[in-house]
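Read the structure below first, then the notes.
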Amino acid sequence: MKLQMHSIHFDADRKLIDFIQKKADKLDTYYDQIIDGEVFLRLDKNDNNANKLVEIKLNVPGKQFFAKTQADSFEAASDDAIEGLRRQIKKYKEKVVLAKQ
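Residue numbering for the sequence shown follows this note's numbering, starting at 99 and increasing by one per position.
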């Protein structure tokens, strides 16, 4: 799956980008019609430790999935966001299968 990575006001290292890409590629096992996606990585300006914000948008034919999470690290935030997308995709796929029956 093709993902566009956007790191807002900082430069994300290759290791982080590869980590997110690898995790997101696993979503293809749940729904193989994912066209592409965008990932936004931001540093929030609040004072607590959980200031890493990850937003992921996935495009499928006729629908768009979105997840946004905040955590102590970009890895944890992206894990949570991808898990949220996984749940959305599974629910959508079940709905599509039931509609076809």
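All residues carry an ideal CB built from backbone N, CA and C; glycine is no exception.
List the whole-angstrom C-beta distance separating residue i from residue j, where the pair is believed to meet the contact cut-off of C-beta under 8 Å.
| i | j | result |
| --- | --- | --- |
| Phe163 | Leu183 | 5 Å |
| Val137 | Leu114 | No, Val137 and Leu114 are not in contact; Cβ-Cβ is about 10 Å, not under 8 Å. |
Classify residue i as helix, strand or coil using the three-state DSSP reduction.
| i | result |
| --- | --- |
| Ala165 | strand |
| Ile132 | coil |
| Phe108 | coil |
| Gln186 | helix |
| Lys198 | helix |
| Lys113 | helix |
| Lys150 | strand |
| Lys191 | helix |
| Lys100 | strand |
| Lys120 | helix |
Roughly how many whole angstroms lie between the Cα atoms of residue i and residue j?
| i | j | result |
| --- | --- | --- |
| Val194 | Asp134 | 20 Å |
| Ile187 | Gln131 | 10 Å |
| Thr167 | Glu192 | 24 Å |
| Lys121 | Asn146 | 26 Å |
| Asn149 | Ser105 | 14 Å |
| Met99 | Asp123 | 6 Å |
| Arg185 | His107 | 30 Å |
Quick one: using the 10 Å Cβ neighbour count with 16 as the cut-off for buried, is residue i buried or exposed?
| i | result |
| --- | --- |
| Ala179 | buried |
| Ser176 | buried |
| Lys143 | exposed |
| Phe172 | buried |
| Leu151 | buried |
| Asp153 | With the sequence shown as reference, residue 153 is identified as Glu, and Asp is not the correct amino acid for it. When all chains shown are included, Glu153 counts as buried. |
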